[in-house]
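Everything below concerns the one structure shown next.
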Amino acid sequence: MHLGSLVAAVGSYLMAKSRGGQWLIRVEDIDPPREIAGMAQRQLDELARFGLESDEPVLYQSRRAEYYDAALARLLAEGRAFSCSCSRSQLAAAGGIHRACLAPADARHAAVRLRVPDLELGFDDLLYGRQTQRLGESVGDVVLKRADGLYAYQLAVVVDDAAQGITQVVRGADLLDSTPRQIFLQRQLGYPQPEYAHIPLVLDANGHKLSKSQWAAAVADEDRFEAFRTAWRHLGQDAAVLSRRRPMAANLAAAVAQFELPALAATVTTRARP
């Protein structure tokens, strides 16, 4: 786990707990070729060392195929989704955006896509304010299940948000542009729309998002208190609230009690939009 992951975890935890809510952890393990064995449990263990533990049993997306299939079957039956055999190379001329099939459907190698009209969809983000996106121009027909049989993040996250009764989604600002298409899919499935808050990203010295691929320093290898305080400060909060002399549990409780949403919102204006 790197600092960017910790910031997202701490920010979502504080927003939930400061409002008397529950904080849930979900393991989004639906892309086996990219997974590293044991890594999810290592991250859960590291979160627990900071006192960040899920209020409900951790949900693993790899165990939820029947629910994703049910949602897909419903969308297909209602004509809201369709099979598509278009390749990336065929869509390259349109910037990779699918607006109409360029290849005949082949059941042996077909993805499932959501029908997306030329619709402008808006929502109010708790931190970034009003966001709008023309889905047809910017997104096109969204992949819900890949041709290799793997479920797309957009489908899984929408189905699971509804199943878990999620009322507020707090995550990194790199997913801000994904939100309109998720809201559109929620509407197609008749699901309620959660509230959204996207936290400004932690960037490296070159302005790039910290990620595993960029070898971001693992939080486990750093001073745990200093890592927590760095995350707290990135969220725009007063560093004086925390004390190295207190145990982690006491610092976490103090952070919940002293968390200020306006201070977090103010950081949006001082950091680059993703």
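In the numbering used here, the protein residues as written are 23 to 296.
Positions of the beta carbon are idealized from the N, C-alpha and C atoms, including for glycine.
- In the three-state reduction of the DSSP assignment, Ile-47 falls in the coil class, being assigned neither a helical nor a strand state.
- When Cβ pairs closer than 8 angstroms are counted between the two stretches, the segment 51 to 62 is seen not to touch the segment 92 to 101, the count staying below three.
- Partner residues in the beta bridge of Thr-154, as assigned by DSSP, are Gly-144.
- By the Cβ criterion, the segment 145 to 153 is not in contact with the segment 112 to 125, since fewer than three pairs of Cβ atoms, one from each stretch, lie closer than 8 angstroms.
- Taking a 10 Å sphere around the C-beta of Arg-251, we find 16 or more other C-beta atoms and assign the residue as buried.
- Its chain contains Gly-258, Gln-259 as the residues whose beta carbon lies nearer than 7 angstroms to that of Ala-285, once the 5 sequence neighbours on both sides are disregarded; these appear in chain order.
- Per DSSP, reduced to three states, the secondary structure at Ser-107 is coil, with no helix or strand assignment.
- Ala-93 is classed as buried because its beta carbon has at least 16 other beta carbons within 10 Å across all chains shown.
- Put simply, the backbone Cα of Arg-102 is about 28 angstroms away from that of Ala-195.
- Taking each of Ala-249, Leu-211, Phe-145 in turn and checking the Cα distance to Gln-176, the smallest one comes out for Leu-211.
- By the Cβ neighbour-count rule, Gln-83 is buried, with 16 or more other Cβ atoms within 10 Å of its own.
- In the three-state reduction of the DSSP assignment, Tyr-173 falls in the strand class, which pools E and B.
- Apart from the 5 residues on each side of it in sequence, His-220 sits with its Cβ closer than 7 angstroms to the Cβ of Asp-147, Leu-149, Tyr-150, Arg-193, Gly-194, Ala-195, Leu-197, Leu-198 in its chain, given in chain order.
- The beta-carbon distance between Val-165 and Ala-174, rounded to whole angstroms, is 5 angstroms. This is short enough to meet the 8 angstroms contact definition.
- By the neighbour-count criterion, in which a residue is buried when 16 or more other Cβ atoms sit within 10 angstroms of its Cβ, Asp-183 is buried.
- Inclusion of Pro-202 and Gly-144 in the CB contact set at 9 angstroms is warranted, their separation being smaller than that value.
- If you check the CB distance, Leu-28 and Phe-72 come in under 9 angstroms.
- Judged by beta-carbon spacing, Ala-133 lies beyond the 9 angstroms limit of Ser-111, meaning their Cβ atoms are not closer than that value.
- One Cα belongs to Val-179, the other to Asp-245, and the distance between them is close to 33 angstroms.
- Secondary structure of Gln-190 (DSSP, three-state): strand.
- In this structure, Ala-287 is the residue among Leu-81, Arg-135, Ala-287 with its C-alpha nearest to the C-alpha of Pro-222.
- Within the DSSP secondary-structure output, Glu-217 pairs in a beta bridge with Gln-190.
- Arg-267 counts as exposed, since fewer than 16 other beta carbons sit within 10 angstroms of its beta carbon.
- Residue pairing for Ala-133: DSSP places it in a beta bridge opposite Cys-106.
- Between Glu-75 and Leu-69, the C-beta gap is smaller than 9 angstroms, which places the two residues in contact.
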